[in-house]
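2 protein chains.
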Amino acid sequence: MTVAFIGIGLIGGSMAISLKENGFATTTIGVDINPDNIDKAIRRRIIDEGLPMQDAIQRADVIVLATPVNVMIQLLPQILDQVDQQVVIDVGSTKKLLCEAVKNHPKRGRFVATHPMAGTEFSGPEAAIPNLFDHKCSVICDQQNSDADALKTVYRLLESLKMNIVELEVSEHDTHSAYVSHISHISSFALALTVLEKEKNEKRIFELASGGFSSTVRLAKSSAAMWTPIFEQNRDNVLDVLDEHINTLAQFRTLLIKKDFEKISSLIDEANAIARILK
Amino acid sequence: MTVAFIGIGLIGGSMAISLKENGFATTTIGVDINPDNIDKAIRRRIIDEGLPMQDAIQRADVIVLATPVNVMIQLLPQILDQVDQQVVIDVGSTKKLLCEAVKNHPKRGRFVATHPMAGTEFSGPEAAIPNLFDHKCSVICDQQNSDADALKTVYRLLESLKMNIVELEVSEHDTHSAYVSHISHISSFALALTVLEKEKNEKRIFELASGGFSSTVRLAKSSAAMWTPIFEQNRDNVLDVLDEHINTLAQFRTLLIKKDFEKISSLIDEANAIARILK
Chain S
0 MTVAFIGIGL IGGSMAISLK ENGFATTTIG VDINPDNIDK AIRRRIIDEG LPMQDAIQRA
60 DVIVLATPVN VMIQLLPQIL DQVDQQVVID VGSTKKLLCE AVKNHPKRGR FVATHPMAGT
120 EFSGPEAAIP NLFDHKCSVI CDQQNSDADA LKTVYRLLES LKMNIVELEV SEHDTHSAYV
180 SHISHISSFA LALTVLEKEK NEKRIFELAS GGFSSTVRLA KSSAAMWTPI FEQNRDNVLD
240 VLDEHINTLA QFRTLLIKKD FEKISSLIDE ANAIARILK
Chain E
0 MTVAFIGIGL IGGSMAISLK ENGFATTTIG VDINPDNIDK AIRRRIIDEG LPMQDAIQRA
60 DVIVLATPVN VMIQLLPQIL DQVDQQVVID VGSTKKLLCE AVKNHPKRGR FVATHPMAGT
120 EFSGPEAAIP NLFDHKCSVI CDQQNSDADA LKTVYRLLES LKMNIVELEV SEHDTHSAYV
180 SHISHISSFA LALTVLEKEK NEKRIFELAS GGFSSTVRLA KSSAAMWTPI FEQNRDNVLD
240 VLDEHINTLA QFRTLLIKKD FEKISSLIDE ANAIARILK
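In order, the protein sequence lines correspond to chains S and E. Counting from 0, one number per residue, gives the positions in the first sequence under numbering that gives the first Met the number 0. Counting from 0, one number per residue, gives the positions in the second sequence under numbering that gives the first Met the number 0.
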């Protein structure tokens, strides 16, 4: 199969590497608004060739839309306009607005709303790595709106990446994503800003930052271009979770002020249960 | 040298492994309130033998106090009571109360207040691992209060672990620790609780949790026995940082409510600067 990637960054690039390696793709085509990204991706053998979007759509059997989510909303209807029997998937972290944008499109059936839940804090084609998707979870949303053959192709694609597939409704997906992904990013961004604010006075923090700190603020390296549109599109769910998170932190604050260390200890015991869901 | 470890958990155990391996210690002795920990530590060859505290202090050249910080405050004066020329270090995450507890002790000079800034989210002797301290930072506090020979021994010990040594005043240390370590733990505990609260309704979160989420909540597996006394002893500094962190999160909340995504984007750009301090 020929697979075209619209957007050759961390996700598009990593998927191009794996689909070529595992034989799902015989040819990989890259499309990117930034010609440097195409050059880099070809030099690094992430894709076989670069093409303008229209040509790539014509040549491809499968089209993977892997841009920031605000760009997806603009591009997906245009892509479907040009599609005949090709299959189109996105890899976005939000689904509600995207699915609404093509709800009544005559080619809606060729689109499968997909969210492979894998990533790193880095971006661009230089961040693309092999095996990014191995044994991770991929969500497929509202599959009743996709053609059976398109769905079958996407299942084969995701299984070739060794992904576990979970089916969710669009609104369920966006709520879950807020909990298991979006809030982690806001928490990291905020923690990084808190410490950087302090660091204006104290260079020492640089020397002292240890593994635990790095772990909690790792995601704070993530790009604004990718994450701002996610927060925009999933604003209501993110606000819900953020409110809960702030309330929980405020509970710790109150307990510290009251010196109720017994209750703090029991909250920590409760939090330890997270070990069950960590992979 | 014979080195005794009071407390054979993650830190004491890991240090025992490395000091024996690198030749600093010819014999390692374990002391632990829990006899199971001594058995485990001997079976895993983490220590050479277990002894009651008094005997271990008599036999040792260097004594490493590696219990939770509330226990340190009780034990350190008792240990110094029994010390002649031995060197005593602690490995605690807070320093102010501990140093105050022995300020006027006639043997204060034999004690070097030490904080090797390394760890994982696990605890107990089964969590002890080789190379935990390699190329990490260790703080030494108020070294003017330690005897010159004791200090020299501790420098040799830390250098044998390949640690970079930073000298700080006690109050500086406790402030920095709140920023680069303690707040990360509170943030993780709170994030875990937020998601677990939601999970009561939604099992799906388990399937969907991905790498980014795991990274931010990893520290939430840390034990209450270790962390509650740290928050207790460093309460004022932790409250300061927690207030700032809650304010930063509230700023994101306000911007989301106002739909000011331009400002959110510029905050993310600012947060990206954390890449400079991550190791």
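Each residue gets a CB set at the ideal place from its N, CA and C atoms; glycine is no exception. Since we're looking at a predicted model, the values are computed, not measured.
What's the call for Asn36/E, buried or exposed, on a 16-neighbour Cβ count within 10 Å?
Translated into the one-based positions of the second sequence, residue 36/E becomes position 37. Asn36/E should be labelled buried.
Is it the case that the stretch 131–145 of chain E contacts the stretch 100–114 of chain E, given that we only count it when at least three CB pairs across the two stretches are under 8 angstroms?
yes
Assign Pro34/S to one of two classes, buried (16 or more other C-beta atoms within 10 Å of its C-beta) or exposed (fewer than that).
If you number the first sequence from 1, residue 34/S lands on position 35. Per the 10 Å Cβ criterion, exposed.
For the beta strand (DSSP E) holding Met116/E, just list the boundary residues, first then last.
In the second sequence, residue 116/E corresponds to position 117, counting from 1. Run containing Met116/E: 110–116, per the beta strand (DSSP E) assignment.
Span of the beta strand (DSSP E), counted from its first residue to its last, around Ile245/S:
For the purposes of this step, residue 245/S is identified with residue 246 of the first sequence, where counting begins at 1. No beta strand (DSSP E) holds Ile245/S; the alpha helix (DSSP H) holding it covers 234–256.
Considering only C-alpha positions, which residue in the set Glu261/E, Ser221/E, Ile62/E is nearest to Ile273/S?
As a position in the first sequence, residue 273/S is number 274, starting the count at 1. It is Ser221/E.
Based on the DSSP secondary-structure assignment, which residues constitute the bridge partners of Glu48/S?
Counting from 1 along the first sequence, the entry for residue 48/S is found at position 49. According to DSSP, which records beta bridges pairwise, Glu48/S is partnered with Ile28/S.
Span of the beta strand (DSSP E) around Val61/S
The sequence position of residue 61/S within the first sequence is 62, counting from 1. 61–64 is the extent of the beta strand (DSSP E) around Val61/S.
Under the rule that 16 or more other beta-carbon atoms within 10 Å means buried, what is Asn103/S, buried or exposed?
Residue 103/S sits at position 104 when you count from the first residue of the first sequence. Answer is exposed; the Cβ neighbour count stays below 16.
Coil, strand or helix - Ser122/E by DSSP
Position 123 of the second sequence holds residue 122/E. Coil at Ser122/E, not helix or strand.
Against chain A, does Lys197/E count as a neighbour if the rule is that its beta carbon must be under 7 angstroms from one of theirs?
Checking the listed chains, one finds no chain A in this structure; the protein chains it contains are S and E.
Please report the residue range of the alpha helix (DSSP H) in which Ser17/S lies.
Residue 17/S sits at position 18 when you count from the first residue of the first sequence. Residues 9–20.
Look at the alpha carbon of Asp133/S and the alpha carbon of Val179/S, and state the distance between them as a whole number of angstroms.
As a first step, residue 133/S is located in the first sequence; it is residue number 134 there, counting from the start. As a first step, residue 179/S is located in the first sequence; it is residue number 180 there, counting from the start. One C-alpha to the other measures close to 19 angstroms.
Determine the burial state of Asp173/S: buried for a count of at least 16 other Cβ atoms within 10 Å of its Cβ, exposed for fewer.
Sequence index remark: in the first sequence, residue 173/S carries index 174 (1-based). Asp173/S is buried by the Cβ-count criterion.
Using 8 angstroms for Cβ pairs, my map puts Leu241/E next to Val216/E. What's the rounded Cβ distance?
Indexing the second sequence from 1 puts residue 241/E at position 242. Indexing the second sequence from 1 puts residue 216/E at position 217. No, Leu241/E and Val216/E are not in contact; Cβ-Cβ is about 17 angstroms, not under 8 angstroms.
Among the candidates Val153/S, Gln85/S, Glu171/S, whose CA atom is the shortest distance from the CA of Asn163/S?
Sequence index remark: in the first sequence, residue 163/S carries index 164 (1-based). The candidate whose alpha carbon is nearest that of Asn163/S is Val153/S.
Rounded to whole angstroms, what's the CA-CA distance from Val18/S to Gly22/E? Just pull it up for me.
Position 19 of the first sequence, counted from the start, is the residue given in the question as residue 18/S. Position 23 of the second sequence, counted from the start, is the residue given in the question as residue 22/E. The sequence shown places Leu at residue 18/S, rather than the Val named in the question. Rounded to whole angstroms, Leu18/S to Gly22/E spans 50 angstroms at the Cα level.
Between the stretch 62–69 of chain E and the stretch 224–235 of chain E, are three or more C-beta pairs nearer than 8 angstroms?
yes
Is the Cβ of Arg43/S closer than 7 angstroms to any Cβ of chain E?
Numbered from 1 along the first sequence, position 44 holds the residue referred to as residue 43/S. Taking Cβ atoms only, chain E never reaches closer than 7 angstroms to Arg43/S, which makes this a no.
Would the beta-carbon of Lys106/S fall within 7 angstroms of that of Leu64/S?
For the purposes of this step, residue 106/S is taken as residue 107 along the first sequence, with counting starting at 1. For the purposes of this step, residue 64/S is taken as residue 65 along the first sequence, with counting starting at 1. Their beta carbons are not under 7 angstroms apart, which means Lys106/S does not touch Leu64/S by this criterion.
For the candidate residues Glu168/E, Ser187/E, Glu20/E, Gly6/E, whose alpha-carbon lies nearest to that of Ala55/E?
As a position in the second sequence, residue 55/E is number 56, starting the count at 1. The residue with the shortest Cα to Cα distance from Ala55/E is Gly6/E.
Mind listing which residues of the stretch 253–272 of chain E have their C-beta closer than 8 angstroms to chain S's C-betas, in chain order?
Leu255, Ile256, Lys258, Phe260, Ile263, Ser264, Ser265, Leu266, Ile267, Asp268, Glu269, Ala270, Asn271, Ala272
Buried or exposed by the 16-neighbour rule on C-beta atoms within 10 Å, applied to Ser13/S:
On the first sequence, residue 13/S is found 14 positions in, with the first residue counted as 1. Its Cβ being crowded by 16 or more others within 10 Å, Ser13/S is buried.
Nearest by alpha-carbon distance to Glu166/E: which of Leu277/E, His175/E, Leu160/E is it?
One-based indexing of the second sequence puts residue 166/E at position 167. With distances taken between Cα atoms, Glu166/E lies closest to His175/E.
Quick check on the DSSP output: the beta strand (DSSP E) that includes Phe132/S runs from which residue to which?
One-based indexing of the first sequence puts residue 132/S at position 133. Segment: none, Phe132/S is in no beta strand (DSSP E) and carries neither H nor E.
Would you say the beta carbon of Ala274/E comes nearer than 6 angstroms to a heavy atom of the ligand MN?
The model depicted lacks the ligand MN and carries no ligand whatsoever.
Taking beta-carbon pairs under 8 angstroms, can you tell me which members of the stretch 4–28 of chain E lie near chain S?
none
For Asp239/S, which option in Asp83/E, Ile185/E, Lys197/E has the closest C-alpha, if you only look at C-alpha atoms?
Here residue 239/S is taken as the residue at index 240 of the first sequence, counted from 1. For Asp239/S, the nearest C-alpha among the options comes from Lys197/E.
The alpha helix (DSSP H) with Thr174/E in it runs from where to where?
The residue labelled residue 174/E in the question sits at position 175 within the second sequence. First-last of the alpha helix (DSSP H) with Thr174/E: 169–176.
Based on the DSSP secondary-structure assignment, which residues constitute the bridge partners of Val138/E?
Walking along the second sequence from the start, residue 138/E turns up at place 139. According to DSSP, which records beta bridges pairwise, Val138/E is partnered with His114/E, Val165/E.
Neighbouring residues, chain E, relative to Ala285/S (Cβ below 7 angstroms)
As displayed, chain S neither begins before 0 nor continues past 278, which places residue 285/S out of reach and without an answer.
When we look at the beta-carbon of Ile10/E and count the other beta-carbons within 10 Å, is it buried (16 or more) or exposed?
The residue labelled residue 10/E in the question sits at position 11 within the second sequence. Flag for Ile10/E reads buried.
Ile46/E and Thr27/E - do their beta-carbons sit closer together than 7 angstroms?
Stepping through the second sequence from its first residue, residue 27/E is reached at position 28. Stepping through the second sequence from its first residue, residue 46/E is reached at position 47. It is a contact, given that the beta carbons lie within the stated cut-off.
Quick check: the Cα distance between Ile32/S and Gly49/S, rounded to an integer number of angstroms?
The count along the first sequence starts at 1 and reaches residue 32/S at position 33. The count along the first sequence starts at 1 and reaches residue 49/S at position 50. Each residue's alpha carbon lies about 11 angstroms from the other.
Rounded distance between the beta-carbons of Leu218/E and His184/E, thought under 8 angstroms
As a first step, residue 184/E is located in the second sequence; it is residue number 185 there, counting from the start. As a first step, residue 218/E is located in the second sequence; it is residue number 219 there, counting from the start. Their Cβ separation, rounded to whole angstroms, is 5 angstroms, which keeps His184/E and Leu218/E in contact under 8 angstroms.
Would you report the Cα separation of Gln250/E and Gly8/S, rounded to the nearest angstrom?
Walking along the second sequence from the start, residue 250/E turns up at place 251. Walking along the first sequence from the start, residue 8/S turns up at place 9. One C-alpha to the other measures close to 30 angstroms.
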